[in-house]
Amino acid sequence: MKRWTVTPVALLATSLVLVGCATTATQYVPDQEYRLTILHTNDNHGRFWQNRRGEYGMSARMTLVERIRMEVEEQGGSVLLLSGGDINTGIPESDLLDAEPDFKGMTMLRYDAMALGNHEFDNSREVLMKQAEWADFPFLSANIFLKGSNKTLFPAYQMFEVQGNRIAVVGFTTEDTQKIGNPEFISDLEFKTPVEVAETLIPKLNKKADLVVAVTHMGHYNNGAYGGNAPGDVTLARAVSGIDVIVGGHSQVPLFKPDVQNNTLIVQAHEWGKYVGRLDLVVKNGDIVSYDYKLIPVNLKDKVKDDAGNSTYVLQEAEIAQDLGMLAMLSPFQKQGGAALGTVIGQSDGLFVGDRSVVRNQPTNLGVLIAKAQMVKTKADVGVMNSGGIRADMAAGEITYKDVLTVQPFANILTYVDFSGKELAEYLTVSVNMAAGSGAFAQITGAEIRVANGQVTSMTVAGKAIDMTQTYRIAVNSYMASGGDGYPKISDHANFVNTGFVDADMLVEYIQNNSPLSISDFAPGSSVERM
C-alpha cells in the first residue's frame, strides 16, 4: 500500500499576507476517505530527561512516536506531530543550556510545527533565534507582531500537503505574554488578541486549505470561564468558525476527550511530555467525518500500597523502551547540565534557616525569602509558603543553583489568585491556624496578623486593614493551590493563574537580582504575632 507523505509547502512570509500557498484547486479524490493522525504534546518545560521514577522523557517519547508513525503509515495514513509550546523554563539541566537538548530532541522526533509559548520569551531574542535554528520545524504565531508594522515575529502559519489534502497549521499565543513576559525581551513586540487576528485570518485560510488546525498556547478553560487569564481555546473556537482542530497548551490540563466547541475539536496533552495526544481523523471531501482520541501515558506510574502499607509505583500501561539514538544524543546534555548546577548565583551574609525542626514550628528568614520572591515575581500583595516545601538550610556565603534545589526540590509551579478582601482574610485565617510541627505550617509575608487563643484579632496588608471589597493578589505554589497540606483548594478559582515558573527557578532569579542578600532584610518580624 502506498504510504502518505506530509509535505510542507514553502514557509510563508512573516506577515498575514497569504503568499507562496498551494493552489486553490481541489487535489484530493472526491468521496475518498483519508486518514490523518495528529500527535501532540505541550508545555515541555525542560523535561527532556526522564524523572527519577523513569517517567516521561524524550527517549521513551521517541519510541512511542515512531511506533505510531509506522502503524499509521502501514495502514495508508499519515502523521503530523505538533507542539503547543512552552519548551523553556522548568529544569536547570535544560535552563542552563538554553533548552538546546529539548529543541534538538524535538528535531530528532521530527516535529512538524510548534506554537510559540509565553515562556519562549523568558530568554533574550538572541537565544530565541538560536533555538529556532536548533529546531528543524517552524515556530508559529499569528498574533505576535513587530511594533509599528504588519509583520509577525515568526510565520503566522504553515501549509502542509497530505496526499492532496491541504492542511493549514496556524499558531496563536496568549496575549497575557505582554503582561507576564520580561519587558526587556518583548518591548518591541505587540501581542494582539488571538480572536481579533483569527477573525480575519481563518476565513482566508478556509479558502486555501481543506483543513485548518490551530496550534495554540492560550489555555483550555471549561465553558470559556478563563477568569483572570486571557481568553483561551474555547473562546477562540466559539468566536471564530472554520477551525477544525485546536491543539492547545498553556493551562497544562489533560483533556482525555476532545472538547467540541462550534464544530472545533479542542485537545491538550497535560504537560512535560507525560502524555502524547493521539487524534485519529477520517477526512472526506475536506471534512472530518469521524475521529478517535486518546492520551497515551509515557511510562507514567501510580502510587499504590501493598497489604503491609508499603508504597510502590506501578506503570499505568506497558513500559515504553527508551530509544537508544535519542538517549545517546541527550546524555551529554544531561551531564553538562548537571555539572552546571555548581554555578554560583549569589551570596549572603548569614544563614537562611530551613531546618525541618525549626521551619515547621516558627517563621524563619528563609520562609520570608521564598514567600517574598513569590510576591515579587507575581506582583502579589501577600505570599504564603508551606514549610514542608522547605527542605534545608541555606548556608552563609556563596549560593549555587544546587543549593536552591536542595532547599526547594519538588519543582512546584508558582501560582497566584486575585482574591476579594473577604476571600483573602478567609484564606489567611486558615493559613495561620495550620498546626505547628507540620509541613503545613505557614510562612507568610506581606500581611501582618495577630492571633489570640487561635482566633485572628487583626489582619493588615501593607499596614492597612484589609478592605473586604478590594482586590488582593496572593502567591502560593501549585501544591498548596491544589489543596496540598490541607490548604483551601484555589486552583479552580475563576482568577487562578498558573505562571509556569518553577519555584526553584523563581528563587534563583530573585537571588541573582538581589545579591548579596542580607539576612536582616528577611527577618520574620511580626508577620504573625500570637498572644
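Using this note's numbering, you'd call the opening residue of the sequence shown number 32 and step up by one each time.
Backbone N, C-alpha and C fix where the C-beta goes; we use that ideal spot for every residue, glycine too.
As the structure is a prediction and not an experimental result, all values here were calculated from the model.
Close-in-space but distant-in-sequence residues of the same chain around residue i (CB under 6 Å, 5 per side omitted)
{"i": "Ser90", "result": "Gln353, Asp354, Met357, Leu358"}
{"i": "Asp167", "result": "Thr138"}
{"i": "Val276", "result": "Val244, Leu296"}
Other residues of its chain near residue i: CB distance less than 7 Å, five sequence neighbours each side excluded
{"i": "Lys288", "result": "Tyr324"}
{"i": "Arg141", "result": "Leu112"}
{"i": "Val271", "result": "Val226, Ala229, Glu230, Ile233"}
{"i": "Ser155", "result": "Phe216"}
For residue i, the three-state DSSP class (helix, strand or coil)
{"i": "Asn508", "result": "strand"}
{"i": "Thr460", "result": "helix"}
{"i": "Glu350", "result": "coil"}
{"i": "Ile421", "result": "coil"}
{"i": "His150", "result": "helix"}
{"i": "Met249", "result": "coil"}
{"i": "Gln194", "result": "coil"}
{"i": "Arg527", "result": "The sequence shown places Phe at residue 527, not Arg. Of the three classes helix, strand and coil, the one that applies to Phe527 here is strand, per DSSP."}
{"i": "Ala404", "result": "helix"}
{"i": "Ala466", "result": "coil"}
{"i": "Arg481", "result": "strand"}
{"i": "Met490", "result": "strand"}
{"i": "Leu159", "result": "helix"}
{"i": "Pro234", "result": "helix"}
{"i": "Gln367", "result": "helix"}
Distance between residue j and residue i (C-alpha atoms, nearest Å)
{"i": "Asn75", "j": "Gly452", "result": "36 Å"}
{"i": "Gly400", "j": "Ser172", "result": "The identity of residue 400 in the sequence shown is Leu, whereas the question assumes Gly. About 37 Å."}
{"i": "Gly377", "j": "Ser549", "result": "11 Å"}
{"i": "Val335", "j": "Tyr344", "result": "6 Å"}
{"i": "Ser489", "j": "Gly419", "result": "26 Å"}
{"i": "Thr502", "j": "Thr120", "result": "29 Å"}
{"i": "Thr491", "j": "Ala466", "result": "22 Å"}
{"i": "Leu296", "j": "Val265", "result": "10 Å"}
{"i": "Gly369", "j": "Leu127", "result": "9 Å"}
{"i": "Arg98", "j": "Val487", "result": "60 Å"}
{"i": "Lys408", "j": "Met537", "result": "7 Å"}
{"i": "Leu47", "j": "Lys182", "result": "Per-residue confidence for Leu47 stands at a pLDDT of 35, beneath the threshold of 50, marking its modelled position as unreliable; the derived number appears in the next sentence. Rounded to whole angstroms, Leu47 to Lys182 spans 7 Å at the Cα level."}
{"i": "Met569", "j": "Ala554", "result": "Limits of the chain in this structure are 32 at one end and 562 at the other, which puts residue 569 out of reach."}
{"i": "Phe170", "j": "Phe176", "result": "14 Å"}
{"i": "Ala187", "j": "Gly77", "result": "25 Å"}
{"i": "Asp311", "j": "Glu86", "result": "25 Å"}
{"i": "Cys52", "j": "Ala456", "result": "Legend: pLDDT at Cys52 = 42, less than 50; position of this residue unreliable, value from coordinates given subsequently. When rounded, the distance between both Cα atoms is 57 Å."}
{"i": "Ser282", "j": "Gly263", "result": "9 Å"}
{"i": "Trp80", "j": "Leu346", "result": "18 Å"}
{"i": "Ile274", "j": "Glu540", "result": "39 Å"}
Assumed close pair residue i, residue j - CB separation to whole angstroms, cut-off 8 Å
{"i": "Val314", "j": "Tyr65", "result": "5 Å"}
{"i": "Leu372", "j": "Leu436", "result": "7 Å"}
{"i": "Gly115", "j": "His248", "result": "6 Å"}
{"i": "Arg481", "j": "Asp412", "result": "About 18 Å; that fails the 8 Å criterion."}
{"i": "Ile542", "j": "Ile430", "result": "6 Å"}
{"i": "Ala471", "j": "Asp516", "result": "4 Å"}
{"i": "Asn174", "j": "Phe203", "result": "6 Å"}
{"i": "Glu206", "j": "Ala261", "result": "5 Å"}
{"i": "Tyr432", "j": "Asp241", "result": "About 49 Å; that fails the 8 Å criterion."}
8 Å Cβ shell around residue i - same chain, five flanking residues per side excluded
{"i": "Asp337", "result": "Thr343"}
{"i": "Ser462", "result": "Val415, Ala473, Ile475, Tyr518"}
{"i": "Ala525", "result": "Ala256, Gly258, Gly259"}
{"i": "Ala506", "result": "Ala402, Gln405, Met406, Lys408, Thr409, Ala411, Val413, Gly414, Val415, Leu445, Thr446, Tyr447"}
Does the stretch 153-168 come close enough to the stretch 222-233 that 3 or more CB-CB pairs lie under 8 Å? Taking 8 Å as the limit for Cβ pairs, the verdict is that the stretch 153-168 does not touch the stretch 222-233.
Pairs of beta-carbons, one from the stretch 484-503 and one from the stretch 423-443, closer than 8 Å: are there three or more? No: fewer than three Cβ pairs fall under 8 Å.
So, does the stretch 386-401 touch the stretch 146-155, judging by three or more C-beta pairs under 8 Å? Proximity of the stretch 386-401 to the stretch 146-155 falls short of the contact definition, fewer than three beta-carbon pairs being nearer than 8 Å.
Handout entry: Cβ contact check for the stretch 296-309 and the stretch 67-85: 3 or more pairs under 8 Å
Key = Cβ pair count under 8 Å is three or more, so yes.
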